[in-house]
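> Have a look at this one.
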Amino acid sequence: MATPVNTPQLQAFRQVVESRRSIRRFTNTPIPNAVLEDCLRLAMLAPNSSNLQPWEFYVIDSADKRKYAVKNCMNQNAAETAARLIAVVARTDIWHDHAQQVLREYPDTPVPKKVKDYYTKLVAMDFLRGPMNVISVAKWGATQAIRQVKGPIKSPYYTFDDVKNWATNNTSLAAENLMLAFRAHGFDSCPMGGFDEPAMKRLLSLGENHHIVMMIAAGERADDGIYNSQFRFDQAQFVHHI
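Going letter by letter, the sequence shown gives residues 1 to 242 in the numbering used here.
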């Protein structure tokens with residue numbers, strides 16, 4: 001039975017989570033490539049829907065692009081002083097290719113029939129919308145009928161916004177993993193929502209199916225890197241037992 005006594009990783013996890021802060025100023029200490037690669041690897045172990053992994057990470061190392069990226073981040077101190085500046089991007093057009101890749105790289109061979117059926121039929125039905133959303137209309141009707149006859153059923157994705165929400169939700173999980181991984185390695189980060197997304201997308205040559213969920217500045221925290229004391233509202237305000 002898992003208890004604090006026989007789960008020694010609990011204290012380490014608490015230390016990582018409780019010591020993570022949004023750092024606004026970093027030192028000049030670089031983040032080694034090996035550390036960055038491990039943090040990105042841990043980020044991509046985040047849970048995600050059907051293992052479709054709709055994320056990309058753009059590490060902005062070019063000095064020229066970095067200059068404009070900082071400007072697109074409103075010249076925030078976190079972006080300007082970061083050792084690494086990363087755009088966390090959700091993809092809304094990658095589900096089909098990744099469904100096929102899952103089947104190609106599935107670790108168990110032969111791939112079970114139920115797995116093949118899931119990725120070739122159910123996943124496709126979940127995401128397809130068709131020209132002028134014609135398939136979405138049919139899916140909506142079928143979903144309502146099934147609910148009446150069989151009960152609860154997962155709502156498929158009817159619109160572009162549905163798919164965008166799916167992609168950004170999953171990508172946000174990976175972003176949290178990335179920030180905690182930096183902290184576990186002794187570095188820090190700052191997730192930034194204050195940036196000019198159209199300008200940043202042009203800088204990174206991203207298309208209409210790329211959505212920048214956040215910019216992450218990472219590095220070693222400076223002595224004046226934390227601007228304010230940390231506090232949270234009372235837990236009872238948000239936790240409801242029903």
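A virtual CB, placed ideally from N, CA and C, is assigned to each residue, including glycine. Here the structure is a predicted model, which means the values were calculated and not measured.
How would you write the range of the beta strand (DSSP E) that residue 179 sits in, first residue to last?
No beta strand (DSSP E) holds residue 179; the alpha helix (DSSP H) holding it covers 160 to 184.
> With a threshold of 16 other CB atoms inside 10 Å of the CB of residue 157, please say whether the residue is buried or exposed.
That one is buried.
> Give me the Cα-Cα distance between residue 179 and residue 149, rounded to the nearest whole angstrom.
45 Å
> Using 8 Å for Cβ pairs, my map puts residue 23 next to residue 153. What's the rounded Cβ distance?
Residue 23 to residue 153, Cβ: 44 Å. No contact.
> What separation, rounded to the nearest whole angstrom, lies between the Cα atoms of residue 97 and residue 122?
15 Å
> Quick one: what's got a C-beta closer than 8 Å to residue 116's C-beta in the same chain, skipping five residues either side?
103
> Taking 8 Å as the threshold (C-beta atoms), are residue 92 and residue 137 in contact?
Not closer than 8 Å, so no.
> Please classify residue 18: does DSSP put it in a helix, a strand, or coil?
helix
> Could you spell out where the alpha helix (DSSP H) holding residue 141 opens and where it closes?
134 to 150
> Is the number of C-beta pairs between the region 100 to 114 and the region 74 to 88 that are closer than 8 Å three or more?
no
> Among the residues of its own chain, which have a CB less than 8 Å from the CB of residue 133, if the five just before and after it don't count?
158 and 159
> Using the DSSP secondary-structure output, state which residues sit across from residue 39 in a beta bridge.
According to DSSP, residue 39 bridges with nothing at all.
> For residue 240, which of helix, strand or coil comes out of DSSP?
Secondary structure at residue 240: coil, using DSSP grouped into helix, strand and coil.
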